[in-house]
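My numbering numbers the first residue of the sequence shown as 25 and each following residue consecutively. Cβ coordinates follow ideal geometry from the N, Cα and C atoms, glycine included.
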Amino acid sequence: MNNSSKPIIEHIPLFLSYCKETGLADKTQKNYKHYLKRFIRWIKKENKNTLLPHEFTLDNIQAYKEHLSHYTDEKGHSLKKITQNYYLIALRALLRYFTAKDIESLLPDKISLLGGIKSEKRVNFLSLEQISAILKAPNINEPGGLRDRAIFEVLISTGLKVAQLEDLNRTEIEQKISDQWALSWVKQYLESRKDDNDALFINYRCRRNSDKRLSPRSIERIVKSYGRKIGLPFLITPEALRWAKPQALLKEEIIIKKVQPHKTFIIKSYSNKESIKIPFLSRENKISPSPAWHIVEKVINEEVEWLKNNIPSLSESYKQNPLFLRYDDSILRKISILTVSGKVKAVEFIGDNENKDLWDNLTENKNLNKINRHGELWHKKIMDVIHEYFKLRDYKIILEPVLNCGRADLGIYLNNNPLFVEVGTVSLFKLWYNLSVMKNVTFLIIPSENKAIELST
25 MNNSSKPIIE HIPLFLSYCK ETGLADKTQK NYKHYLKRFI RWIKKENKNT LLPHEFTLDN
85 IQAYKEHLSH YTDEKGHSLK KITQNYYLIA LRALLRYFTA KDIESLLPDK ISLLGGIKSE
145 KRVNFLSLEQ ISAILKAPNI NEPGGLRDRA IFEVLISTGL KVAQLEDLNR TEIEQKISDQ
205 WALSWVKQYL ESRKDDNDAL FINYRCRRNS DKRLSPRSIE RIVKSYGRKI GLPFLITPEA
265 LRWAKPQALL KEEIIIKKVQ PHKTFIIKSY SNKESIKIPF LSRENKISPS PAWHIVEKVI
325 NEEVEWLKNN IPSLSESYKQ NPLFLRYDDS ILRKISILTV SGKVKAVEFI GDNENKDLWD
385 NLTENKNLNK INRHGELWHK KIMDVIHEYF KLRDYKIILE PVLNCGRADL GIYLNNNPLF
445 VEVGTVSLFK LWYNLSVMKN VTFLIIPSEN KAIELST
């Protein structure tokens with residue numbers, strides 16, 4: 025480790041550039057920049073402009089924590105503990121940067137976060153009646169009301185996060201919003217607009233010459249205000265609207281009419297074997313199921329094991345999974361039911377000869393043009409190869425296309441038959457939900473350089 029002669033505040037712009045170079049998400053970069061601005065102001069206020077990284081001590085950290093805990097804004101509002109932690113997390117990231125650059129400084133774990141904060145919020149889910157009520161609440165005869173109705177329709181139909189909703193532009197609605205009903209409301213809203221602002225959703229109350237794009241905080245306020253308007257017994261958030269549609273889908277019972285067993289481990293494809301007839305079971309005889317159900321259960325369990333071994337999933341605590349589907353096995357079982365019943369066709373490719381040039385590129389070709397995307401180096405390399413492979417074949421390619429729930433890494437289109445590519449890990453809940461509701465689409469999951477899983481509806 026080397027002592028740097030450059031003050032900490034001069035390292036911060038370099039740190040932000042480093043975040044961009046390493047492929048950190050744009051939203052995270054924006055947050056770090058925002059939270060470190062206060063740290064810079066505090067350093068200047070304390071007359072520590074020349075403080076060097078190796079001179080930054082535990083006493084400085086404690087003083088900064090006290091500054092955050094006593095801070096109040098113009099309206100007298102103090103910072104919540106969870107918000108104070110966001111400032112400390114950004115500072116931790118700066119210390120990790122020093123470590124990566126071999127600059128002498130405190131270790132990141134020397135900055136302890138504040139305790140006594142619930143790590144997980146409870147999401148209140150809406151009933152079908154409540155969903156209907158909130159959709160009807162905006163006055164669509166007014167520009168703001170029509171905008172709010174369009175926001176609700178997009179949140180419910182696409183499952184987009186608030187930050188993703190904020191980033192939408194009016195020129196990309198056909199690409200980013202697949203649900204035709206939601207799209208019709210967005211078009212109706214755009215027809216009422218008299219401006220030429222690029223942002224899809226704008227703030228009608230903002231000051232002249234300021235950015236009109238509706239902020240995440242404004243979207244949250246809009247959603248909460250309509251929750252109060254229709255008399256909900258709890259505070260509603262955009263998160264509740266995002267999960268409203270999947271929650272309603274969960275209430276639908278999946279009926280298995282036939283099963284399609286296949287080999288559990290290394291295979292080239294799933295062949296459709298003779299279907300096993302499943303006798304109808306009435307409510308009375310469900311207590312003692314027939315032997316056929318044991319066969320079905322065995323096949324489903326084998327399918328779950330196959331999925332576990334072949335599809336790398338994000339951790340069980342992955343925040344995109346709602347509380348009622350936090351455990352991977354329950355989602356794997358739902359995907360297994362779709363494949364076993366024949367609603368989803370599955371194929372496993374291992375060094376596939378038909379696409380030998382693609383497989384060769386995945387392991388050998390490192391001289392491809394770089395494209396903008398997220399992820400670490402391996403993820404970027406695979407994305408480059410796939411992008412170049414389909415680009416040479418004149419396919420239309422969209423980066424991070426919006427699905428019915430969430431986004432894919434790549435969307436590849438030809439003759440209205442979309443192929444959605446997921447590289448590396450994949451959210452099982454997102455995969456299950458999209459397989460359940462999207463028709464005539466294919467998901468290509470690539471967990472490694474020489475293997476791919478294809479799931480088609």
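Based on Cα-Cα distance, which residue from the options lies nearest to residue i?
i       : options                              : result
Lys-130 : Trp-402, Ile-85 and Lys-200          : What sits at residue 130 in the sequence shown is Leu, not Lys. Among Trp-402, Ile-85 and Lys-200, the Cα nearest to that of Leu-130 belongs to Ile-85.
Leu-9   : Ile-243, Leu-265, Leu-184 and Arg-65 : An answer regarding residue 9 cannot be provided, because it is not within the stretch 25 to 481 covered by the chain.
Leu-118 : Asp-83, Lys-105, Lys-134 and Ile-106 : Lys-134
Ile-180 : Ile-158, Tyr-42, Asp-50 and Pro-240  : Ile-158
Tyr-121 : Tyr-42, Lys-404 and His-403          : Tyr-42
Val-186 : Phe-258, Ser-28 and Glu-263          : Glu-263
Ala-476 : Arg-116, Leu-331 and Ile-421         : Leu-331
Ser-136 : Ile-106, Asn-165 and Thr-182         : Ile-106
Met-407 : His-78, Ile-436 and Leu-207          : Ile-436
Ser-28  : Asn-55, Leu-60 and Phe-80            : Phe-80
What's the C-alpha gap between residue i and residue j?
i       : j       : result
Leu-409 : Ile-470 : With the sequence shown as reference, residue 409 is identified as Val, and Leu is not the correct amino acid for it. Their Cα atoms are separated by approximately 12 Å.
Met-25  : Ala-124 : 10 Å
Val-247 : Thr-261 : 6 Å
Thr-19  : Ile-335 : In the structure as shown, the chain begins at 25 and stops at 481. Residue 19 is therefore absent and cannot be evaluated.
Ala-114 : Leu-256 : 36 Å
Asp-203 : Trp-209 : 10 Å
Lys-415 : Leu-438 : 11 Å
Glu-177 : Glu-128 : 51 Å
His-94  : Ser-102 : 7 Å
Pro-346 : Ile-355 : Residue placement at Pro-346 is flagged as unreliable, the pLDDT there being 48, under the threshold of 50; the coordinate-derived value follows with that caveat. If you take the alpha carbons of Pro-346 and Ile-355, they lie about 11 Å apart.
Glu-244 : Leu-184 : 13 Å
Asn-464 : Gln-154 : 31 Å
Tyr-413 : Leu-423 : 14 Å
Given that a residue counts as buried once 16 or more other Cβ atoms are within 10 Å of its Cβ, and exposed if not, what is residue i?
i       : result
Gln-108 : buried
Asn-458 : buried
His-411 : buried
Thr-52  : exposed
Pro-37  : exposed
Pro-425 : buried
Ala-49  : exposed
Trp-205 : exposed
Lys-358 : buried
Gln-199 : exposed
His-58  : exposed
Glu-166 : exposed
Within its chain, find whatever has a CB closer than 6 Å to the CB of residue i; leave out the 5 residues flanking it on each side and keep chain order.
i       : result
Lys-454 : Cys-429 and Gly-430
Ser-360 : Ile-324, Glu-327 and Val-328
Glu-190 : Pro-240
Which residues in the same chain have their Cβ closer than 8 Å to the Cβ of residue i, if we skip the five residues on either side of it in sequence?
i       : result
Glu-446 : Ala-432, Asp-433, Leu-455, Phe-467, Leu-468, Ile-469 and Ile-470
Lys-211 : Ile-197
For residue i, which residues of its own chain have a beta-carbon under 7 Å away from its beta-carbon, when the five flanking residues on both sides are left out?
i       : result
Ile-33  : Ile-64, Ile-67 and Asn-73
Ile-164 : Leu-170 and Arg-173
If residue i sits next to residue j, beta carbons under 8 Å apart, how far is it from one beta carbon to the other, in whole angstroms?
i       : j       : result
Asn-174 : Ile-254 : Before going further, note that residue 174 is Ala rather than Asn in the sequence given. 18 Å between Cβ atoms; not a contact.
Arg-62  : Tyr-110 : That belief does not hold up - the Cβ atoms of Arg-62 and Tyr-110 are roughly 10 Å apart, past 8 Å.
Leu-76  : Pro-132 : Contact flag wrong, Cβ pair sits at about 17 Å.
Asp-219 : Asn-193 : With 8 Å as the limit, Asp-219 and Asn-193 do not qualify as a contact, their Cβ atoms being about 13 Å apart.
Leu-238 : Gly-251 : With 8 Å as the limit, Leu-238 and Gly-251 do not qualify as a contact, their Cβ atoms being about 18 Å apart.
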